[in-house]
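Residue numbers (our numbering): 1289 to 1421.
We treat Cβ as the ideally placed atom computed from N, Cα and C, and that holds for glycine.
Everything numeric in this text was worked out from a predicted model, so none of it was measured.
Before any comments, here is the structure.
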Amino acid sequence: EFCSYPQPPLGSQVVVSSSTFQNCRADTASSSNSAGGAMFLSKSELHVNGCLFEQCEAKTGGGIALELSEAAIHDTVLRNNTADRGGGLSSREGLLDISLTLFANNTAMSDGGGGMSLTEAQVAMSSISASQN
């Protein structure tokens, strides 16, 4: 079953805290809705704090997919997510600040990192844990 959520308008600021996203799946048969099993943002700003992304699936960014976006991800777990590229998270041409975050048991089926896939993205990371990606 696909997770159904409205994509925020371009230029939006999205704040998510203390939330759980489990068993979410992007429509991998669709070329336009195949990114971000739990969450996809384009040309927007994302703040994630104290969240869990688990067992989500997409072509790109099993848990979270970002393009041309800025994100601050803090005290979050991305675990057991699957994608062709970027099992836990994928960012294309983004600016990311990630801290106190765990990437565990995420899988990239064909390209890019199991935990994280970055394409022309700038990333600042502190207190990150990665295990079995």
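Cβ separation of residue i and residue j, assumed to be a contact under 8 angstroms, to the nearest whole Å
i	j	result
Arg1380	Glu1355	4 angstroms
Ala1418	Gly1400	Not confirmed; about 14 angstroms, so no contact.
Gly1450	Asn1394	An answer regarding residue 1450 cannot be provided, because it is not within the stretch 1289 to 1421 covered by the chain.
Ala1323	Phe1309	Actually they are not in contact, since the Cβ atoms of Ala1323 and Phe1309 sit about 14 angstroms apart, beyond 8 angstroms.
Ala1346	Ala1353	6 angstroms
Gln1420	Ala1396	Not really, about 13 angstroms apart at Cβ, beyond 8 angstroms.
Enclosing beta strand (DSSP E) for residue i [first to last residue]
i	result
Ser1305	1301-1305
Asp1399	1395-1399
Strand pairing of residue i, partner residues [DSSP]
i	result
Met1404	Leu1377
Ser1417	Leu1390
Ala1412	Asp1385
Heavy atom of the ligand SAH within 7 angstroms of residue i beta-carbon
i	result
Ile1386	The model depicted lacks the ligand SAH and carries no ligand whatsoever.
Q.
Runs of 3 residues minimum, wholly inside the segment 1321-1374: which ones carry the beta strand (DSSP E) assignment?
A. If you keep only unbroken beta strand (DSSP E) runs of at least 3 residues inside the segment 1321-1374, you get 1327-1330, 1333-1337, 1340-1342, 1345-1348, 1352-1355, 1358-1362, 1365-1367, 1370-1373.
(Q) So, does the segment 1405-1412 touch the segment 1358-1370, judging by three or more C-beta pairs under 8 angstroms? (A) No: the two stretches stay apart, fewer than three of their Cβ pairs being nearer than 8 angstroms.
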